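Residue numbers (numbering that gives the first Met the number 0), protein chains in the order written: chain A, 0 to 180; chain B, 0 to 536; chain C, 0 to 383. For every residue, glycine included, the Cβ atom is placed at its ideal position computed from N, Cα and C. Keep in mind that this is a model prediction, so the values were computed, not measured. Contents: one structure, followed by commentary.
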Amino acid sequence: MKEITFFGRGGQGAVVASEILAEAYFRQGFQVQSFPSFGVERRGAPVTAFLRIDKEFIYLRSMIYQAQAALVFAPDIVNSPTFKPSLKPDAMLLMNASDKLENLNGFDVSYIDATSIALECGLGSAAQPLVNTAMLGAFAKVAGDLELDHLLAAVESKAPQKTEKNIAAVKKAYDAVNRFE
Amino acid sequence: MPELPVSLARMSWNKTGSWRSSTPGHRGKLPPCNFNCPAGENIRGYLDLMKKDQIAEAFELLTQKNPLPAVCGRVCYHPCQTDCNRHSFDTELQIRAVEMLIGDWGVQNKLRVRLPETGAKKVAVIGAGPAGLAAAHYLRRDGVNVVMYDENHHPGGILHYGIPTYRLDKEILQAELKRVLDGVDFKANMRLGSDFDLGTLNHFDAVFLATGAHVSKSMRIDGGDLAGVESGLDFLKRVNSGQKVRLDNKQVVVIGGGNTACDVARTAYRLGAGVTVAYRRTENEMPAFAEEVEQLKAEPIELEFLVAPARIQQETDGRLKVICHRMELGEPDPDGRRRPMVIDGTDFTMTADVVFAAIGEDPDLDIAPGLTYASDGTLDLSQIDQRIRDKLFLGGDILPNPRTVPHAVASGRVAAEEIAAFLKGVPYERPEKPAEMAGPEDINFSYFARINIAKRAASSDGTEGVLDEAGAIDEANRCMSCGVCFECDTCYDFCPDLAIVRTPGGYQANLDYCKGCGICARECPSGTLGMQGGQVA
Amino acid sequence: MNRVMSGNEAVSQAVKLSRVQVISAYPITPQTSISEKLSEICGSGEMDAKFVKVESEHSAMATLIGASSTGVRTFTATSSQGLALMQELLFWVSGARLPVVMVNVNRAMAAPWTIWCDQTDSVSQRDTGWLQFYCWSNQEILDSVICAFKIAEELLIPCMVCHDGFFISHTHEVIDIPEQEQVDTFLSPRKAEYKLDTSDPRTFSGGTMPNMFMEFRYKVQAAFERAQGVIDQTYKQFAQTFGRDYRAVEAYYADDAEILLIASGSAASTVYHTVRQMRESGRKVGLLRLRQLRPLPVEGVLNHLTNEATIAVIDRNLSPGTGGVFTQELRAALHRNGEDCCIHEFVAGLGGRDITAADIEKICDDLDNKTADPAGINWVGLNR
């Protein structure tokens with residue numbers, strides 16, 4: 000079983016991202032279980048969403064406390080005291096950032112400037128870019144167990160509006176992910 | 000015992016109607032539009048047909064009471080609309096515009112009335128004004144031979160020769176009159192009293208006299224007979240007859256405050272004159288319809304209130320000096336209006352090229368020798384040859400009726416019914432008006448939706464509300480059907496005893512089961528249903 | 000067809016597949032997406048049902064009382080305070096023998112204000128005469144709603160299908176949506192013997208004298224006593240049609256268990272996950288999953304009790320002054336059946352507190368070490 004956590008802020012689309020990724024892994028042949036950190040959603044407030052994938056049906060229904068992978072939509076969340084303890088020490092992180100971030104020793108970190116890609120693709124506004132599909136595109140590249148076509152199909156089925164812009168964001172991010180090694 | 004708590008017997012044995020102490024029924028109130036219509040139109044009825052997009056049926060229903068909808072849709076003072084209960088909710092329905100639309104639809108589609116074959120009876124109608132037209136039309140529809148006489152070339156009377164073109168288009172008028180006079184033998188240029196007299200009509204089975212009131216009252220003041228002092232109505236007749244009347248750069252003073260004064264002033268203004276209207280009371284007392292006064296005020300015409308002419312003098316250059324008193328209002332007259340009183344020492348002078356007197360009109364009594372007024376204001380017919388008198392009927396403005404087009408139409412239509420009864424030798428009873436009108440307090444406004452008051456479209460001259468067919472249907476849909484069932488099912492839905500049953504055209508209470516709770520009456524949107532006290536078996 | 004969808008969406012799918020004719024519901028978190036989806040698909044014509052908009056849950060249930068009385072199939076959904084607001088009508092529905100089906104998305108009762116999960120809302124309605132089912136997955140919700148109509152209409156007893164707010168309602172997972180034709184062969188249109196019908200006027204649930212009231216209550220009780228047979232028969236037919244087998248009590252690793260945990264709802268799912276892990280490390284732990292509170296599946300529990308097992312109930316609800324409702328119910332029922340075994344009582348996860356695998360292991364450790372109180376409430380994860 001693989002456990003993935005999404006860290007974002009209200010309005011960035013983290014919960015929808017967890018549902019799209021669940022759909023993509025389902026198309027890849029996995030059993031999936033996605034859910035938001037159960038709370039009242041508010042624009043700008045920290046939002047966490049979770050995704051479990053496994054070859055068998057998933058009975059564990061608690062929240063995720065030691066994620067193997069994380070998609071970090073808002074990099075300032077890294078400074079929260081609860082961030083690192085919620086991850087395995089060698090977790091794979093995908094950061095929405097244009098430059099390398101400090102203090103992430105031990106983690107397997109990749110970077111994608113999802114904010115720029117979202118705006119280039121016309122998703123959201125400068126004040127409120129919708130970065131979720133760009134994040135997913137980059138994740139598909141680094142995850143290693145998900146084919147891009149399954150992700151694209153999932154985006155198409157879960158994002159009936161602005162589908163083409165979201166598809167473009169996925170593809171752009173898939174090619175642009177950076178490890179700064 | 001059944002599995003669930005249900006009665007095994009049908010409960011219809013339980014005649015709960017025996018518990019009743021009051022009974023629902025129709026209150027019989029009239030909607031204000033119908034109640035107030037001088038012509039007796041079933042306005043609520045044709046609005047209902049318009050709602051259902053049945054304009055042909057609406058036209059048919061409307062013209063059963065008024066053959067002149069295109070005319071009345073333009074010139075009627077629409078008390079239907081003024082008292083519409085919607086007034087207390089958002090804004091009154093534009094009933095006159097709906098009527099005009101229906102009338103014009105009839106004209107455009109060249110509708111003809113299906114006329115029966117005529118029988119042996121013959122009636123002469125004298126005067127082709129609204130009363131004569133209505134009488135002739137309905138008599139012909141009843142299978143009577145009608146010969147109509149009028150002193151003018153065109154039929155229509157006041158409609159053609161009195162009302163200015165900007166208020167009533169002559170082509171629409173004549174097109175509508177063509178339908179109204181279908182099957183009627185119209186004899187033009189026949190003036191009673193000069194071209195023929197009543198005695199020559201003896202071979203008719205009845206005679207209807209509707210020659211109207213078109214003799215201007217003269218101003219009984221010094222100089223009232225000077226050249227340049229003219230009858231306002233004669234002036235309108237000359238203009239409406241197509242004579243070239245020029246008033247460019249002339250100064251005109253109109254004396255009076257009635258509808259004729261308004262028409263004269265506005266017509267003179269359109270012919271190039273500078274116009275002043277002088278009226279001896281204030282705007283509040285003007286006998287003209289409020290709408291006419293508003294339209295008069297909207298034009299660059301000077302209004303002088305509390306002014307009465309004292310005498311008129313002719314200057315050497317031919318112009319007129321109108322010397323006027325300033326007035327004030329004193330005690331009320333018997334008619335309720337405050338009497339104007341001269342304020343001494345306030346005389347002043349207005350200069351004019353023409354003075355039009357528009358201070359009222361009288362019937363023309365020269366039509367028959369010996370015709371006079373009785374002391375009560377009605378006509379004294381005692382000098383008329385008895386052979387004619389016994390079959391003579393009167394209508395329109397020759398009688399002391401309110402002088403409006405719809406009143407004249409009603410007078411003509413009622414006369415036709417009366418004459419038809421007379422020809423058949425049966426007594427005629429005038430239908431009685433129901434005593435009550437459904438007012439705003441009777442309406443359940445919560446059942447109706449307020450509208451954003453529709454933009455009132457204007458005709459080419461910007462003076463009249465005009466609707467297209469879709470707009471008329473929208474207006475009709477605003478009708479609350481005051482006092483009249485419109486089959487909305489509210490009583491049917493609300494009755495807790497299922498005692499309201501649908502019947503053709505409405506509902507009835509099944510008194511076997513009606514407990515008299517009154518919910519149907521309380522909820523009735525249009526105020527149709529009411530409760531009558533006491534048990535009714 | 001397999002699809003990924005949330006628990007609440009599974010409810011809407013089940014309602015549509017069951018060809019419900021009248022729906023009335025009032026939105027409340029975390030039920031809202033059910034009423035939204037149903038009103039949407041009724042409005043769009045995707046579903047041929049009347050969705051009656053109302054101003055409260057009380058009105059929603061009142062609407063269904065009227066609708067169901069005319070013989071049609073009816074549905075509503077609510078949560079927590081909404082369910083409490085309906086309460087007087089819940090008695091009416093069962094007393095009038097109306098087969099209404101309702102989904103309750105479990106949410107704790109305020110105060111203090113909360114929107115998160117526990118079962119106190121539905122368990123506190125156990126005396127209203129409704130059957131109560133508890134689900135642990137999105138698939139089970141869909142299947143249970145379809146079964147509920149068949150069971151309710153057979154018994155003339157209303158059914159409440161419960162699932163946990165957020166832990167199920169907002170969780171997306173893979174679910175097999177059956178074909179409409181399949182559902183139609185399993186669930187026929189409702190056939191009501193007595194209908195509210197103006198052409199056949201009758202009195203329904205009218206004033207009833209003391210000489211008859213008790214008899215009607217007796218019939219309700221008799222229906223509940225008959226219910227388990229009807230439910231089991233329904234599951235048998237369901238398995239034949241859809242290939243998924245359900246039981247009132249589902250036992251996992253129970254036969255040789257030294258510790259037997261009893262749980263319901265989404266907590267049972269995490270218990271099952273943990274039990275399997277513990278079995279891999281050799282610990283003899285088992286699970287009895289209760290899928291019903293009404294009727295309480297006593298026989299299903301008795302079948303799996305052994306003298307060797309230490310028994311513990313995990314209750315995500317609380318009846319203050321007594322404790323967890325499943326615990327109290329089981330203690331009374333087992334005693335009535337001559338069993339005098341000790342039932343440990345664990346109260347966990349109130350107001351949405353997470354129940355984790357670690358919590359389950361700790362419960363087992365406390366039972367093994369005999370540090371758990373055999374008589375009083377053992378509070379899981381409580382900060383005193």
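*Please report the residue range of the beta strand (DSSP E) in which B:R325 lies.*
319-331
*asked:* What residue range does the alpha helix (DSSP H) around A:F49 cover?
replied: Note, A:F49: premise wrong, no alpha helix (DSSP H); beta strand (DSSP E) at 45-53.
*Which chain F residues are close to C:F203, counting only those with a beta carbon under 9 Å from its beta carbon?*
Of the protein chains in this structure, namely A, B and C, none is chain F.
*Straight-line gap, B:K454 to B:G161 (C-alpha atoms, nearest Å)*: For B:K454, the predicted model reports a pLDDT of 47, less than 50, meaning its position is unreliable and no value from the coordinates is stated.
*Verify the CB distance criterion: does C:K218 have a CB-CB separation below 7 Å to chain B?*
yes
*Decide if B:D460 is buried, meaning its Cβ has at least 16 other Cβ atoms within 10 Å, or exposed.*
For B:D460, the predicted structure reports a pLDDT of 37, less than 50, and the residue's modelled location is therefore unreliable. The matter cannot be settled from this model.
*asked:* So, at 6 Å on beta carbons, what are the nonlocal neighbours of C:T233 in its own chain, with the 5 sequence-adjacent residues on each side left out?
replied: C146, K149, I150
_Beta-carbon within less than 7 Å of B:H77's beta-carbon, same chain only, minus the 5 sequence neighbours each way: which residues are those?_
I94, R95
*asked:* Please tell me whether B:E56 and B:G72 are closer than 7 Å, where the distance is taken between their beta carbons.
replied: no
*Taking DSSP as the reference, what is the three-state secondary structure of A:G10?*
coil
_If I follow the unbroken alpha helix (DSSP H) through B:D184, where does it start and stop?_
Here B:D184 belongs to no alpha helix (DSSP H); instead the beta strand (DSSP E) covers 184-186.
*Under a Cβ-count criterion, where at least 16 other Cβ atoms within 10 Å of its own Cβ denotes burial, should C:R335 be classed as buried or exposed?*
exposed
*asked:* I'd like the ranges of any beta strand (DSSP E) spanning at least 3 consecutive residues and lying wholly in the segment 4-87 of chain C.
replied: 21-23, 49-51, 73-77
*Interface residues of the segment 346-374 of chain C facing chain A [CB-CB below 9 Å]*: G351, D353, I354, T355, A356, A357, D358
*For C:W378, which residues does DSSP report across the bridge?*
C:V346
*Cβ-based neighbour list, C:P29, same chain, cut-off 7 Å, excluding 5 preceding and 5 following*: S78, V104, R106, I114, G164, F165, S168, H169
*Report yes or no: is there a C-beta of chain B within less than 7 Å of the C-beta of C:P294?*
no
*Is the Cβ of B:L497 closer than 7 Å to any Cβ of chain C?*
yes
*Return the Cβ separation of B:D141 and B:A415 in integer angstroms, given the expectation that the two are a contact with Cβ distance under 8 Å.*
7 Å
*List, in order along the chain, the chain B residues whose C-beta lies closer than 7 Å to that of C:R96?*
E2, L3
*Using a beta-carbon distance below 7 Å, is C:P200 in contact with chain B?*
yes
*By the criterion of Cβ-Cβ separation under 7 Å, what are the contact partners of C:F215 in chain B?*
P4
*Is the segment 314-331 of chain B touching the segment 189-198 of chain B, taking contact as three or more C-beta pairs under 8 Å?*
no
*Give me the Cβ distance between C:F411 and C:G42, rounded to the nearest whole Å; I'm assuming they're in contact under 8 Å.*
This structure gives no information on residue 411 of chain C, because the portion of chain C shown stretches from 0 to 383.
*In whole angstroms, what is the alpha-carbon distance linking B:A272 and B:I311?*
19 Å
*The beta strand (DSSP E) enclosing B:R541, as first and last residue numbers*: This structure does not reach residue 541 of chain B, given that chain B is present from 0 up to 536, and the question cannot be answered.
*Please list the segments of the alpha helix (DSSP H) lying wholly inside the segment 474-502 of chain B, counting only runs of 4 or more residues, in order along the chain.*
489-493
*One or two residues paired with A:P128 in a DSSP bridge*: A:G123
*Could you round the C-beta distance between A:F72 and A:G7 to whole angstroms and report it? I think they count as a contact, below 8 Å.*
3 Å
*Helix, strand or coil: how does DSSP classify B:V253 here?*
strand
*Can you say whether C:K190 is buried or exposed, counting buried as having 16 or more other CB atoms within 10 angstroms of its CB?*
exposed
_C-alpha gap between A:A133 and A:A117, whole angstroms_ = 6 Å
*Write down every uninterrupted run of the beta strand (DSSP E) in the segment 117-167 of chain C whose length is 3 residues or greater and which is fully enclosed by it, in chain order.*
130-133, 158-163
*Residues of its chain near B:Y427, where Cβ-Cβ distance is below 6 Å and the 5 sequence neighbours each way are ignored*: E417, A420
*asked:* In the DSSP output, which residue or residues are listed as bridge partners for B:A508?
replied: B:I499
_So B:R85 and B:R386 are supposed to be a Cβ contact under 8 Å. How far apart are they, rounded?_
Not really, about 53 Å apart at Cβ, beyond 8 Å.
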